[in-house]
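Notes follow the structure.
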Amino acid sequence: MKNLFIKLLFSISVTSFILPDIAYGQLADREITPLPIEIPRLLKEKDTVVISFIGDVMQHGKQLKSALIPGADPDSADSYDYSHVFKYIGEQIGNSDITVANMEFPVGVPPYSGYPEFSAPVSIAEEAVRSGIDLFLIANNHLLDKGEKGIRRTIELYDSLGVNYTGAYRDSLEEKSENPKILVINGVKIAFLNFTYGTNGFPVPEPFVVNGMDSIEVKKAIRRGFERGAEIIIALPHWGEEYQLYPNEEQKKWAEMLKREGVRVIIGGHPHVPQTGETEYAEESLPQEKAIKNIVFYSLGNYISNQSEPDYTQLELLVTITLVRDNISGAIGLLPPKYEYLWCFKAGEFEKDYTVVPIDYFKNNPKAHKKVRHGQYGRMVKTYEYVKNLNLYKGLSHE
Ligand SMILES: [Zn+2]
Numbered sequence: 003m004k005n006l007f008i009k010l011l012f013s014i015s016v017t018s019f020i021l022p023d024i025a026y027g028q029l030a031d032r033e034i035t036p037l038p039i040e041i042p043r044l045l046k047e048k049d050t051v052v053i054s055f056i057g058d059v060m061q062h063g064k065q066l067k068s069a070l071i072p073g074a075d076p077d078s079a080d081s082y083d084y085s086h087v088f089k090y091i092g093e094q095i096g097n098s099d100i101t102v103a104n105m106e107f108p109v110g111v112p113p114y115s116g117y118p119e120f121s122a123p124v125s126i127a128e129e130a131v132r133s134g135i136d137l138f139l140i141a142n143n144h145l146l147d148k149g150e151k152g153i154r155r156t157i158e159l160y161d162s163l164g165v166n167y168t169g170a171y172r173d174s175l176e177e178k179s180e181n182p183k184i185l186v187i188n189g190v191k192i193a194f195l196n197f198t199y200g201t202n203g204f205p206v207p208e209p210f211v212v213n214g215m216d217s218i219e220v221k222k223a224i225r226r227g228f229e230r231g232a233e234i235i236i237a238l239p240h241w242g243e244e245y246q247l248y249p250n251e252e253q254k255k256w257a258e259m260l261k262r263e264g265v266r267v268i269i270g271g272h273p274h275v276p277q278t279g280e281t282e283y284a285e286e287s288l289p290q291e292k293a294i295k296n297i298v299f300y301s302l303g304n305y306i307s308n309q310s311e312p313d314y315t316q317l318e319l320l321v322t323i324t325l326v327r328d329n330i331s332g333a334i335g336l337l338p339p340k341y342e343y344l345w346c347f348k349a350g351e352f353e354k355d356y357t358v359v360p361i362d363y364f365k366n367n368p369k370a371h372k373k374v375r376h377g378q379y380g381r382m383v384k385t386y387e388y389v390k391n392l393n394l395y396k397g398l399s400h401e
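For the sequence shown, the numbering used here gives the first residue as 3, with consecutive numbering after it.
Right, dumping it as structure tokens:
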């Protein structure tokens, strides 16, 4: 299909269209210099973008202790081994164009600490990048746990890692230019908008900006996203009540407002447990990618943490959405989202260290449950069955 389009393009007029980035290889064979002009979407190959989301990457004191290499200096980031944190989700995120995670701590300020004031070595962020996490969300209630130094070092270190991050800025000028975070992925311009209900009472140090749940500012950011050409806006709120499987009225109100403003996908975090999700259809009779108006997952739960009370703080979601460009109208459609349950094991329960394993891993590896210790396998299955039977995600396919 692509070749046909390219031939058609050149048989009409080279000068009147923009060349799609995907076509450069073929153009080189024809010894034609690409021209910086626009191709009508009618002639463009159908674009698809697959985006995965994991929940809150937490770092409690016991996780720190477990990651510390025996005998190494606890104040040095190099002394921590986080290789176990993302090792079992490679297959799940391997086919995604981009994977998004909420990183719930400042980095780079020793001495490192767990709850209540988190401070993580940057090595956990390096491991996330190595493992395929492409976008960090940092507007959350723990970003300011180490004050001005913490937010400054976090921004500096994420910049030096070259990883995309969003939700906090050096000053209001940077906020205006970087919020929402717009990424062009496979030719689709996607805006990511991350904001938090609060920062645990710590004031945002001047001149830094942390996106808050301020409806005026959030609406402004949405409008900026559209003005800058975003074809879809994904909101990533840090909100809701801890340990509740169902969203509260405030979350629902906010979701409605975000949708009214044109946000099509909402993926939340903070409650430490998965919360309900829904897919809204404009018209059932249309093909799926034209019919889906909105996708909402109120909370994905923890990704990794030391929490185990209530039981479903160890159960969590990995959500994958697919955007698809309609090659006639150019509009961006959404395919039905996929979600998968994961389980967070503490140190010594499955591996030596804390790790997260998709529940399906045990279905596909029938002997793997023998490796699970301290009665945790039964607990995992019981919790998973309980939550699954609540039908929190009516109408969504479970993969
Ligand atoms: Zn939180």
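Glycine included, C-beta positions come from ideal geometry on N, C-alpha and C.
Given residue i, which residues of its chain have a CB within under 7 Å of its CB, disregarding the five upstream and five downstream residues?
{"i": "G242", "result": "P249, N250, Q253, G270, H272, P273, Q277, Y300, S301"}
{"i": "Q290", "result": "L337, P338"}
{"i": "K221", "result": "E263"}
{"i": "A74", "result": "S81"}
{"i": "A223", "result": "N181, P182, L195"}
{"i": "G350", "result": "R375"}
{"i": "E129", "result": "Y84, S85, V87, F88"}
{"i": "N391", "result": "none"}
{"i": "D2", "result": "The requested residue 2 is not part of the displayed model; the chain covers only 3 to 401."}
{"i": "Y90", "result": "T357, V358, V359, P360, Y363"}
Please classify residue i as buried or exposed, where buried requires at least 16 other C-beta atoms within 10 Å of its C-beta.
{"i": "K348", "result": "buried"}
{"i": "G110", "result": "buried"}
{"i": "D147", "result": "buried"}
{"i": "V186", "result": "exposed"}
{"i": "K183", "result": "buried"}
{"i": "E285", "result": "exposed"}
{"i": "S331", "result": "exposed"}
{"i": "N196", "result": "buried"}
{"i": "G380", "result": "exposed"}
{"i": "R230", "result": "exposed"}
{"i": "G303", "result": "buried"}
{"i": "G164", "result": "exposed"}
{"i": "G279", "result": "buried"}
{"i": "I39", "result": "Here I39 scores only 44 on pLDDT, less than 50, and its place in the model should not be relied on; the value that follows carries that caveat. I39 is exposed by the Cβ-count criterion."}
{"i": "S162", "result": "exposed"}
{"i": "I218", "result": "exposed"}
{"i": "Y1", "result": "Absent from the structure is residue 1, since the part of the chain shown begins at 3 and ends at 401."}
{"i": "G335", "result": "buried"}
{"i": "R327", "result": "buried"}
{"i": "H125", "result": "It is worth fixing the name first, because residue 125 is Ser in this sequence and not His. So S125 ends up on the buried side."}
{"i": "G116", "result": "buried"}
{"i": "E177", "result": "buried"}
Specify, as a first and last residue, the run of the alpha helix (DSSP H) that residue i falls within.
{"i": "D58", "result": "It is not in any alpha helix (DSSP H) - D58 instead sits in the beta strand (DSSP E) that spans 50-59."}
{"i": "V374", "result": "No alpha helix (DSSP H) holds V374; DSSP gives it neither H nor E."}
{"i": "M259", "result": "251-262"}
{"i": "F364", "result": "361-366"}
{"i": "V87", "result": "Counting along the chain, V87 falls outside any alpha helix (DSSP H), and DSSP gives it neither H nor E."}
{"i": "A69", "result": "63-69"}
{"i": "I95", "result": "92-96"}
{"i": "A127", "result": "125-132"}
Taking residue i and residue j to be in contact with their CB atoms under 8 Å, please state how far apart those CB atoms are, rounded to whole angstroms.
{"i": "L325", "j": "T50", "result": "7 Å"}
{"i": "G149", "j": "F107", "result": "So it is not a contact: roughly 13 Å between Cβ atoms."}
{"i": "L137", "j": "T156", "result": "Wrong, their Cβ atoms sit about 15 Å apart, outside the cutoff."}
{"i": "I306", "j": "Y356", "result": "6 Å"}
{"i": "F210", "j": "A170", "result": "7 Å"}
{"i": "N97", "j": "V52", "result": "6 Å"}
{"i": "K191", "j": "A237", "result": "16 Å between Cβ atoms; not a contact."}
{"i": "N366", "j": "H240", "result": "Going by Cβ atoms, the distance from N366 to H240 rounds to 33 Å, so no, they are not a contact pair."}
Residues in its own chain within less than 6 Å of residue i by CB, not counting five upstream and five downstream?
{"i": "L320", "result": "I56, Q94, E342, L344"}
{"i": "G189", "result": "D49"}
{"i": "E244", "result": "P273, H274"}
{"i": "T101", "result": "S54, I95, G134, I135, D136"}
{"i": "N296", "result": "K261, R266, E282"}
{"i": "W256", "result": "none"}
{"i": "G200", "result": "N143"}
{"i": "V383", "result": "none"}
{"i": "T322", "result": "S54, K340"}
Considering only residues of the same chain and omitting the five flanking positions on each side of residue i, which have a CB-CB separation below 8 Å?
{"i": "D77", "result": "P112, P113, Y114"}
{"i": "F352", "result": "V359, K373, V374, R375, Q378"}
{"i": "P207", "result": "L146, G149, E150, I153"}
{"i": "I247", "result": "Looking at the sequence provided, one finds Leu at residue 247 rather than Ile. The residues are V275, P276, Q277, T278, Y314, V389, L392, L394."}
Does residue i get closer than 8 Å to chain B when you measure Cβ to Cβ?
{"i": "P108", "result": "Annotation note: the requested chain B is absent from the structure, which comprises a single protein chain."}
Give the range of the beta strand (DSSP E) segment to which residue i is assigned.
{"i": "K405", "result": "The requested residue 405 is not part of the displayed model; the chain covers only 3 to 401."}
{"i": "N196", "result": "190-198"}
{"i": "Y465", "result": "Here the chain has residues from 3 to 401 only, and residue 465 is not among them."}
{"i": "L139", "result": "137-139"}
{"i": "K183", "result": "183-187"}
{"i": "L175", "result": "From DSSP, L175 is part of no beta strand (DSSP E) but of the alpha helix (DSSP H) over 174-180."}
{"i": "V102", "result": "100-105"}
{"i": "T168", "result": "166-168"}
{"i": "H240", "result": "234-240"}
*Would you mind listing the alpha helix (DSSP H) stretches within the region 274-346 that are 4+ residues and don't spill past its ends, in chain order?*
290-293
_If you measure from each CB to the nearest heavy atom of ligand 2 and keep those under 7 Å, what residues do you get, in chain order?_
Although ligand 2 was asked about, the structure shown includes only ligand 1 as ligands.
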